[in-house]
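The opening residue of the sequence shown carries number 24 in my numbering; numbering runs sequentially from there.
C-beta: ideal position from N, C-alpha, C; glycine also.
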Amino acid sequence: MKKFINKGLKLTPQRAAIFEYLDGNKSHPSAEDIYLEIKKRYPMTSFATVYKTLEALKSRGDIVELSVDPGRRRYDPDTGPHHHLMCIRCKKIVDIHKDFSLKVPEEAKVSFDITGNHIEFYGICPDCKKKGGVENGSI
Ligand SMILES: [Zn+2]
Ligand SMILES: [Zn+2]
C-alpha cells in the first residue's frame, strides 16, 4: 500500500480500494477482475475509472502489464524481475522467483547488451490436472 501513496494521484475511495486490492496481490488480476472486486464495495465505480487508474499506475512503474494471457491484459504489482507460469486451462498465473542462467548465444545477440529477460511458461496447474480430461477446456 505504501508504495501507491503520495504518487500525485487524487486518492478517491475507489482508487484507495484499487490500491488496496493490488497491494501484495499475487493473482495477476485482469482489469475486469479488479473492476468486479471494486464494484462490490463501490457500486458506482465505472470500468473507465478502474482502467484509468491502472494506466496511471502502469505509467508510473508501480504495476506491470503482462502479456502472458493472450485473452486478457493482466496486472502485476510485483515489479521486480521474475518469470510467469500460466495454466492454459484456468488461466491461473503464478510467479517464478528464480534466476535462470540463460545464455543467449553470441551470434543471436546481434551485438545487444542484454539487460534482462521475462519468460512466460505455459502448463497445466495441479487443480486442473486433478480434474483431468480435455473436456474442461482447451486453449
Ligand atoms: Zn489450472
Ligand atoms: Zn508476477
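(message) Using the Cβ count rule (16 or more neighbours within 10 Å means buried), how would you classify MET67?
(response) As a first step, residue 67 must be located in the sequence shown, where it is residue number 44. Around the Cβ of MET67, a 10 Å sphere holds fewer than 16 other Cβ atoms; the residue is exposed.
(request) Over the uninterrupted beta strand (DSSP E) stretch that includes ASP99, give me the two end residues. (result) Position 76 of the sequence shown, counting from 1, holds the residue named residue 99. Residues 97-99.
(message) Just to confirm, is the Cβ distance from GLU88 to ARG96 under 8 Å?
(response) On the sequence shown, residue 88 is found 65 positions in, with the first residue counted as 1. On the sequence shown, residue 96 is found 73 positions in, with the first residue counted as 1. Yes.
(request) Look up PHE123 in the DSSP assignment and say whether it is helix, strand or coil. (result) By one-based count along the sequence shown, residue 123 stands at place 100. Residue state, collapsed to three classes: coil.
(message) At 3 residues or longer, what runs of the beta strand (DSSP E) sit wholly inside the stretch 49-89?
(response) With a minimum length of 3 residues, the continuous beta strand (DSSP E) runs that stay inside the stretch 49-89 are 87-89.
(request) Would you mind stating whether HIS107 and VAL91 have Cβ atoms separated by less than 8 Å? (result) Position 84 of the sequence shown, counted from the start, is the residue given in the question as residue 107. Position 68 of the sequence shown, counted from the start, is the residue given in the question as residue 91. Cβ distance < 8 Å, so HIS107 and VAL91 count as in contact.
(request) State the DSSP-derived secondary structure class of CYS151, mapped to helix, strand or coil. (result) Reading the sequence shown from its first residue, position 128 is the one you call residue 151. Here CYS151 sits in helix by DSSP.
(request) With DSSP collapsed to three states, give me the class of HIS42. (result) Taking the first residue of the sequence shown as 1, we reach residue 42 at position 19. The question names His, but residue 42 in the sequence shown is Phe. Per DSSP, reduced to three states, the secondary structure at PHE42 is helical.
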